[in-house]
Amino acid sequence: MRAANQNPTSSDSSFDPSTATIVAVTFNRSGLLSRLLTSIGEMDPKPGHVVVIDNASSDDTTEVVESFRERIGTELIYRRLETNTGGSGGFSAGMQTAYELGSEWMWLMDDDVEVIPDGLAKMGRWSRRFRSIQGRRYDFDGSEFYWQYRIAARMGIPIPFAPAEFDESGFKEMNSGCFEGMFIHRDVVGRIGLPDPRFFIYWDDQVYGWLASRITTSVIVNEFVLRRTREIKQWDMGIRHMNASSDAYRYYIMRNRALIKQYYRSLGVYHPALFAAGTTLTFVKELIRLLVVERTVRGTRHLFRGLRDGRAIAQDRSWQPMPPLELSARPVA
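Now the structure itself:
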């Protein structure tokens, strides 16, 4: 059932913050993680649990987490994985942990953000109306970060110029997702399953948000709840910007197009020509990123390597999407 277009009211105050769990994934960035955990300790209200997934860090992450256990003000669960599973595997493990804790809400974030003190209260105000919610964040320099909240679904790519302004409703419908701030209800997770660790990095949250939007009204709300704490090299395009990347990202950006293709096939929405156009545009965008932001062409081979390895994934006829966690889950509003 679609929700009416109106702002949250005082009736939304029934949200219980103790039913929410923050899931944070980290890898060899203990200094940034410390800032995130400090900000969580300053939240009012606080979530019922904080789950930290450590992707086999080799720095002092374990000691940093343990130093917060008695002072964060809520239950802290720490899981150190045996290997680095990437952001995708980290969030999959974190959401599984939160789900098994009985959490009603799971709030996902990387280690390079801080939570604004009343961020959970802001998200909670929308929790009675929606089940897949994205808040907004400030960038490192304090500017308002624009997130590409809509995708061209058949092409499987973000729409970079979807309107940034909000009307009086305070929300806009989205068909994507971002693990830097996704606030999602366990009923949705039960229906669509956990994030797919096979992505490792990139496209995983877009696909997960798209899956959520197929069964519930997903929205981005005009609430600033996070602040980035890491500066990233960017190309300022005026109304938008393009971040610098890495060879690993370039590889997975192209390889993981095959995983998106498999998801589309499994759901009967795959359109070969449109999806191929989306892959071509993605490749061109990464070339521009190399030339303009990073001023090099040396990473091009990783784009081609990703395309090559993706072919084996796309040709795997035994491939299956992530399974639901609740085969008989109740309908999601």
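According to my numbering, the sequence shown is numbered sequentially starting from -1.
Heads up, the beta-carbon is just placed ideally off N, CA and C, and yes, glycines get one too.
All figures in this text were calculated on a predicted structure; none of them were measured in a lab.
Cβ neighbours of residue i in the same chain (closer than 6 Å, five flanking residues each side left out)
i	result
lysine 44	Gly71, Thr72
alanine 332	The requested residue 332 does not occur in the structure, where the chain is confined to residues -1 to 331.
histidine 269	Arg152
glycine 304	Tyr249, Met252, Arg253
tyrosine 206	Gly175, Pro193
phenylalanine 66	Leu35
isoleucine 218	Gln132, Tyr147, Lys170, Met172
serine 216	Ser130, Met172, Ala210
isoleucine 182	Met104, Ser130
isoleucine 51	Val23, Arg77, Gly88, Ala91, Gly92
aspartate 57	Asn26, Ser28
serine 9	Bear in mind that the predicted position of serine 9 carries a pLDDT of just 41, short of 50, making it too unreliable to give a figure here.
tyrosine 333	The structure shown has nothing for residue 333, since the chain only spans -1 to 331.
glutamate 64	none
serine 32	Val62
Min CB distance residue i to chain B below 8 Å
i	result
alanine 274	The structure shown contains no chain B; it holds only a single protein chain.
Which residues DSSP lists as bridging residue i, in chain order
i	result
tyrosine 250	DSSP, once it has assigned bridges, lists no residue as partnering tyrosine 250.
methionine 180	Gln132
valine 290	Valine 290 pairs with nothing; no bridge assigned.
phenylalanine 222	Arg134
isoleucine 20	Val48, Trp105
glutamate 40	In the DSSP output, where bridge partners are listed per residue, glutamate 40 has none listed.
alanine 150	Ile155
arginine 77	Ile51
serine 216	Ser130
Close Cβ partners of residue i (< 7 Å) along its chain, the five nearest in sequence each way excluded
i	result
leucine 99	Thr19, His47
valine 343	This structure cannot settle anything about residue 343, because the visible part of the chain is limited to -1 through 331.
isoleucine 155	Ile149, Gly276, Leu279, Thr280
lysine 259	Tyr268, Phe273, Ala312
threonine 7	The pLDDT assigned to threonine 7 is 48, lower than 50, so where the model puts this residue is not dependable, and the model offers no usable value.
arginine 69	Gly39
threonine 95	Val49, Ile75, Arg77
aspartate 245	Gly297, His300
glycine 191	Met320, Pro321, Pro322, Leu323
aspartate 42	Pro115, Asp116
phenylalanine 302	none
serine 264	Pro319
proline 195	Thr83, Ser86, Gly87, Ser90
Own chain partners of residue i with C-beta closer than 8 Å, once the 5 adjacent residues on each side are dropped
i	result
methionine 235	With a pLDDT of 49 at methionine 235, under the threshold of 50, the modelled position of that residue is not reliable, and no figure is offered here.
serine 12	Arg126
glutamate 142	Arg134, Tyr136, Phe222
aspartate 314	Gln260
Cβ-Cβ separation, residue j to residue i (assumed contact under 8 Å), whole Å
i	j	result
glutamate 80	alanine 54	6 Å
serine 130	threonine 17	That pair is no contact at about 16 Å.
valine 187	glycine 92	Contact doesn't hold; Cβ gap of about 11 Å is too wide.
serine 37	valine 62	Contact flag wrong, Cβ pair sits at about 14 Å.
proline 322	arginine 189	6 Å
leucine 30	aspartate 109	5 Å
phenylalanine 128	valine 21	At roughly 19 Å, the Cβ-Cβ gap does not stay under 8 Å, so phenylalanine 128 and valine 21 are not in contact.
serine 243	arginine 287	6 Å
arginine 184	tyrosine 97	6 Å
Closer than 7 Å: residue i CB and nearest the ligand COA heavy atom
i	result
aspartate 307	Ligands in the displayed structure: none, and consequently the ligand COA is not present.
Fully enclosed by the region 94 to 144, which alpha helix (DSSP H) runs are 4 residues long or longer? Runs found: 117 to 122.
Curious, which full-length beta strand (DSSP E) runs of at least 3 residues does the region 166 to 210 contain? You should have 169 to 171, 180 to 183.
Touch test, the region 245 to 263 against the region 160 to 168, Cβ-Cβ under 8 Å, three pairs minimum: At 8 Å Cβ cutoff, the stretches do not touch.
Using a Cβ distance threshold of 8 Å, determine whether the region 189 to 205 contacts the region 82 to 92, with at least three qualifying pairs required. Verdict: yes, contact present.
Return the chain-ordered ranges of every alpha helix (DSSP H) run that is complete within the region 291 to 320 and spans a minimum of 4 residues. Within the region 291 to 320, the complete alpha helix (DSSP H) runs of at least 4 residues are 298 to 312.
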